[in-house]
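Sequence order for the protein chains is A and B. Just so you know, we're using this note's numbering here: the first sequence kicks off at 1 and counts up by one. Just so you know, we're using this note's numbering here: the second sequence kicks off at 207 and counts up by one. For every residue, glycine included, the Cβ atom is placed at its ideal position computed from N, Cα and C. What follows is one structure encoded as structure tokens, with my remarks underneath.
Number of protein chains: 2
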Amino acid sequence: MLLCDIGNTSLHFFDGKNDYKKDVEHFDSLSITEDVYYICVNPKLKEVLKLLKNWHDLSLHVEYSKYYETMGIDRIMAVEAVDDGIIVDAGSAVTVDVVKDGNYEGGFIYPGKIAMSKTYVGISSALDYTFNFDCDLKTMPKNSQDSISYGYLKTLHSEVMSHKMDVILTGGDALEFAKIFPKARVDKQLIFKGMQKIILTIKESS
Amino acid sequence: MLLCDIGNTSLHFFDGKNDYKKDVEHFDSLSITEDVYYICVNPKLKEVLKLLKNWHDLSLHVEYSKYYETMGIDRIMAVEAVDDGIIVDAGSAVTVDVVKDGNYEGGFIYPGKIAMSKTYVGISSALDYTFNFDCDLKTMPKNSQDSISYGYLKTLHSEVMSHKMDVILTGGDALEFAKIFPKARVDKQLIFKGMQKIILTIKESS
């Protein structure tokens with residue numbers, strides 16, 4: 001049995017122990033014969049996988065009344081994996097979601113570091129710096145690089161910390177964001193844990 | 207005597223009572239014969255104004271040791287106008303600066319609403335919403351429009367409020383941002399007040 005989180009450009013597999021990625025472009029879905037439980041935000045690939053007996057779409061088994069209509073399935077799976085805490089999923093967007101006593105309390109969307117970096121350059125070419133994740137967030141900056149680093153990171157930090165909950169970091173940029181959330185638990189396989197939980201409920205109810 | 211804050215696209219005049227704007231493109235600097243005290247971030251216009259006797263560049267009279275080298279002259283003038291408080295200047299960028307007992311403590315740069323709106327659309331066409339400045343910042347959102355509105359506005363709000371200082375709002379979008387900072391003092395002429403303070407020090411020292 002494999003788990004798979006499918007984005008627009010890559011398939012992220014998990015075999016229960018290790019995780020690895022494959023390009024959507026060069027992927028042959030018929031090359032896998034064992035059972036695959038997946039979530040997918042790629043509409044084209046979703047149409048293909050529907051036709052395959054061994055590929056099982058976990059989005060069909062989510063209790064949607066807990067969430068909202070346009071919420072991404074990857075965010076939902078991360079939330080399913082957590083009983084109490086604030087989840088920061090740092091990728092092309094940074095999604096932040098709050099779970100209390102197993103109930104989803106809501107969340108927000110913040111730009112990922114690449115998108116936000118482009119935003120600053122778009123405002124002024126004088127703001128063409130990479131973000132300094134080692135920037136001192138306790139002192140107001142007095143230079144341009146830290147002015148945008150603090151503007152991007154400390155605003156997010158202040159809001160996340162204001163909830164006074166355990167912070168769980170996941171996503172491709174989790175380790176970089178761990179620098180500004182040093183007490184956070186980093187769990188790059190959080191989404192797979194949510195998927196495993198859903199699989200368990202399917203098996204229990206069948 | 208006139209005061210003038212010159213940006214890349216417009217000249218913002220203040221005659222001591224009223225303020226008004228003129229386009230940089232159609233502006234004839236020789237049309238004004240009275241004394242004008244100005245700050246200017248437009249390099250082309252700056253070269254022209256240097257040649258005119260009645261145009262006085264206030265940036266030559268700033269005590270730069272209080273600030274940092276690449277800090278915008280408009281931010282410096284806003285800071286000059288304040289003795290204690292956190293200044294939020296909301297325009298194409300949102301600059302936030304802290305002043306304590308007349309000393310500049312540092313500041314940061316956050317994207318303006320137009321730039322940030324483009325950022326979200328760039329991440330996903332599903333995030334193509336205008337920001338809801340009436341969004342409830344006390345509750346975590348459960349819909350897409352509020353997810354990005356909260357992501358943009360509440361993060362900024364949490365950081366600004368964490369300083370526990372009086373908030374002073376200025377800039378073209380000051381009234382919109384006043385919705386999320388209801389206790390803030392709105393002062394659209396803050397930069398001119400800083401300029402007047404610099405003029406006073408020039409006159410006192412001459």
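Does DSSP classify residue i as helix, strand or coil?
i                      : result
residue 337 of chain B : coil
residue 233 of chain B : coil
residue 122 of chain A : helix
residue 400 of chain B : helix
residue 90 of chain A  : strand
residue 69 of chain A  : coil
residue 263 of chain B : strand
residue 39 of chain A  : strand
residue 112 of chain A : coil
residue 269 of chain B : coil
residue 416 of chain B : Given a span of 207 to 412 for chain B in the structure shown, any question on residue 416 of chain B remains unanswerable.
residue 157 of chain A : helix
residue 34 of chain A  : coil
residue 256 of chain B : coil
residue 344 of chain B : coil
residue 148 of chain A : helix
residue 412 of chain B : coil
residue 280 of chain B : helix
residue 384 of chain B : coil
So with CB distances below 8 Å, who are the chain A contacts of residue i?
i                      : result
residue 219 of chain B : Chain A residues near residue 219 of chain B: none, gap ~24 Å exceeds 8 Å.
residue 328 of chain B : 115 and 118
If we count the other Cβ atoms within 10 Å of its Cβ and call it buried at 16 or more, is residue i buried or exposed?
i                      : result
residue 121 of chain A : exposed
residue 138 of chain A : exposed
residue 25 of chain A  : exposed
residue 69 of chain A  : exposed
residue 37 of chain A  : buried
residue 375 of chain B : buried
residue 31 of chain A  : exposed
residue 33 of chain A  : exposed
residue 89 of chain A  : buried
residue 158 of chain A : buried
residue 51 of chain A  : exposed
residue 182 of chain A : exposed
Can you pull the chain B neighbours of residue i, defined as C-beta to C-beta under 9 Å?
i                      : result
residue 113 of chain A : Result: empty, since nearest Cβ-Cβ is about 11 Å, beyond 9 Å.
residue 127 of chain A : 299 and 315
What does residue i touch in chain A if you count any residue whose Cβ is under 7 Å from its own?
i                      : result
residue 216 of chain B : Within 7 Å Cβ-Cβ: nothing; residue 216 of chain B doesn't reach chain A, min ~16 Å.
Are residue i and residue j touching if we call contact CB-CB under 7 Å?
i                      : j                      : result
residue 355 of chain B : residue 338 of chain B : yes
residue 106 of chain A : residue 346 of chain B : yes
residue 264 of chain B : residue 404 of chain B : yes
residue 219 of chain B : residue 226 of chain B : yes
residue 297 of chain B : residue 378 of chain B : yes
residue 94 of chain A  : residue 86 of chain A  : no
residue 153 of chain A : residue 123 of chain A : no
residue 357 of chain B : residue 108 of chain A : yes
residue 282 of chain B : residue 248 of chain B : no
Across which residues does DSSP place residue i in a beta bridge pair?
i                      : result
residue 85 of chain A  : A:99
residue 12 of chain A  : A:5 and A:21
residue 374 of chain B : B:293 and B:391
Taking residue i as the query, report the chain C residues whose CB atoms sit under 9 Å from its CB, ordered along the chain.
i                     : result
residue 98 of chain A : No chain C is present in this structure, whose protein chains are A and B.
Using a cut-off of 8 Å between C-beta atoms, extract the partners of residue i located in chain B.
i                      : result
residue 154 of chain A : 314 and 365
residue 70 of chain A  : 332, 349 and 350
residue 148 of chain A : 314 and 315
If the cut is a Cβ gap below 9 Å, which residues of chain A does residue i touch?
i                      : result
residue 311 of chain B : 139, 140 and 142
I want to verify the contact list: residues of chain B whose CB lies under 7 Å from the CB of residue i, in sequence order.
i                      : result
residue 162 of chain A : 364
residue 151 of chain A : 314, 315 and 316
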